[in-house]
Amino acid sequence: MPGRRSSAQRVKRGWVWNQFFVLEEYMGSEPQYVGKLHSDLDKGVGTVKYTLSGDGAGTVFTIDETTGDIHAIRSLDREEKPFYTLRAQAVDIDTKKPLEPESEFIIKVQDINDNEPKFLDGPYVASVPEMSPVGAYVLQVKATDADDPTYGNSARVVYSILQGQPYFSIDPKTGVIRTALPNMDREVKEQYQVLIQAKDMGGQLGGLAGTTTVNITLTDVNDNPPRFPKIMHMMNG
Numbered sequence: 001m002p003g004r005r006s007s008a009q010r011v012k013r014g015w016v017w018n019q020f021f022v023l024e025e026y027m028g029s030e031p032q033y034v035g036k037l038h039s040d041l042d043k044g045v046g047t048v049k050y051t052l053s054g055d056g057a058g059t060v061f062t063i064d065e066t067t068g069d070i071h072a073i074r075s076l077d078r079e080e081k082p083f084y085t086l087r088a089q090a091v092d093i094d095t096k097k098p099l100e101p102e103s104e105f106i107i108k109v110q111d112i113n114d115n116e117p118k119f120l121d122g123p124y125v126a127s128v129p130e131m132s133p134v135g136a137y138v139l140q141v142k143a144t145d146a147d148d149p150t151y152g153n154s155a156r157v158v159y160s161i162l163q164g165q166p167y168f169s170i171d172p173k174t175g176v177i178r179t180a181l182p183n184m185d186r187e188v189k190e191q192y193q194v195l196i197q198a199k200d201m202g203g204q205l206g207g208l209a210g211t212t213t214v215n216i217t218l219t220d221v222n223d224n225p226p227r228f229p230k231i232m233h234m235m236n237g
């Protein structure tokens, strides 16, 4: 009925925090500060105790029972484990009872550029017909980067040729190798060794790089028609 209050009242959550991040491979002399847990029922008079449980509690992360400050006590690797799921509890010191329901939160390990691109299928072997036109497809190479593709440019790979120009070119984004000169003749040069680089950070200064080789053979086409030697016949008259 209008004006009548519902008997089921919504209880406001008392936890206050932001999403937590921790930098991977932190090498500082002090434990890395992650963030603070705080209950709005904590009046700051020392009657609340904060506890931490779950993934990595006590071994990777510690909490100050009085302030709610969380620290990482060892170096973390995002490629090994990208996030940790923990649970927080605020307990009244006098009654030993929880002030509010236990709450779950996530600490995400923030990526740094610590992995160079790798060509898992290299070295490569390919062939292309001799006398192919410029732009003829040869091969596609692919490098992978273990860094976080959703954060920054750490995993954005750009391809380039370190050795093998001007005979071949590579698409910097796709890794597709094509012929770059016309009329490459197998009878003149049959084998080419191309050195390919994959560099992360979008190819920018400071990016990490990996390399691979591509051995390319020009295959024969029928470009030399047979020649018959002239035979002189001498007829006796």
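Under UniProt numbering, the first residue of the sequence shown carries the number 1, and numbering increases by one thereafter. Idealized CB from N, CA, C, for every residue including glycine.
Hey, how far is the Cα of residue i from the Cα of residue j?
| i | j | result |
| --- | --- | --- |
| Asp145 | Arg156 | 8 Å |
| Lys97 | Val91 | 5 Å |
| Phe20 | Gln110 | 10 Å |
| Tyr33 | Glu104 | 19 Å |
| His71 | Pro31 | 6 Å |
| Pro129 | Asp147 | 38 Å |
| Pro182 | Pro172 | 21 Å |
| Ala136 | Ile170 | 11 Å |
| Phe168 | Ala57 | 55 Å |
| Ser29 | Glu80 | 22 Å |
| Gln193 | Gly164 | 7 Å |
| residue 240 | Gln191 | The chain is shown from 1 up to 237; residue 240 falls before or after that span and cannot be answered. |
What are the boundary residues of the beta strand (DSSP E) that residue i is part of?
| i | result |
| --- | --- |
| Leu218 | Ala209 to Thr219 |
| Val22 | Phe20 to Leu23 |
| Lys108 | Ser103 to Gln110 |
| Leu86 | Phe83 to Asp92 |
| Val141 | Run containing Val141: none; DSSP gives neither H nor E here. |
| Val188 | Careful: Val188 lies outside any beta strand (DSSP E) and carries neither H nor E. |
| Gln163 | Val158 to Gln163 |
| Arg178 | Val176 to Thr179 |
| Ala126 | Tyr124 to Pro129 |
| Ser169 | Phe168 to Ile170 |
Note down, in chain order, each residue of its chain lying with its Cβ closer than 8 Å to the Cβ of residue i, except the 5 sequence neighbours on either side.
| i | result |
| --- | --- |
| residue 240 | Beyond the ends of the chain as shown, which are 1 and 237, falls residue 240; an answer cannot be given. |
| Ala126 | Val138, Leu139, Ile177, Val214, Asn215, Ile216 and Thr217 |
CB-CB under 7 Å to residue i, same chain, minus the five flanking residues each way: which ones, in chain order?
| i | result |
| --- | --- |
| Arg74 | Val60 |
| Leu120 | Thr144 |
Only counting the same chain, and skipping five residues up and downstream in sequence, which positions put a Cβ closer than 6 Å to that of residue i?
| i | result |
| --- | --- |
| Thr51 | Gln89 |
| residue 238 | A question about residue 238 goes unanswered here, because the residues of the chain that appear run from 1 up to 237. |
| Lys142 | Gly175 |
| Tyr151 | Asp111 |
| Ser53 | Arg87 |
| Pro82 | Val109 |
Exercise for the section: Evaluate contact between the region 41–49 and the region 23–30, counting only Cβ atoms and requiring at least three cross-stretch pairs below 8 Å. Expected result: No, because fewer than three Cβ pairs between the region 41–49 and the region 23–30 fall closer than 8 Å, the two stretches do not touch.
| request: Could you pull out every unbroken alpha helix (DSSP H) segment of at least 4 residues lying fully inside the region 30–75, listed in chain order? | output: No alpha helix (DSSP H) of 4 residues or more sits fully in the region 30–75.
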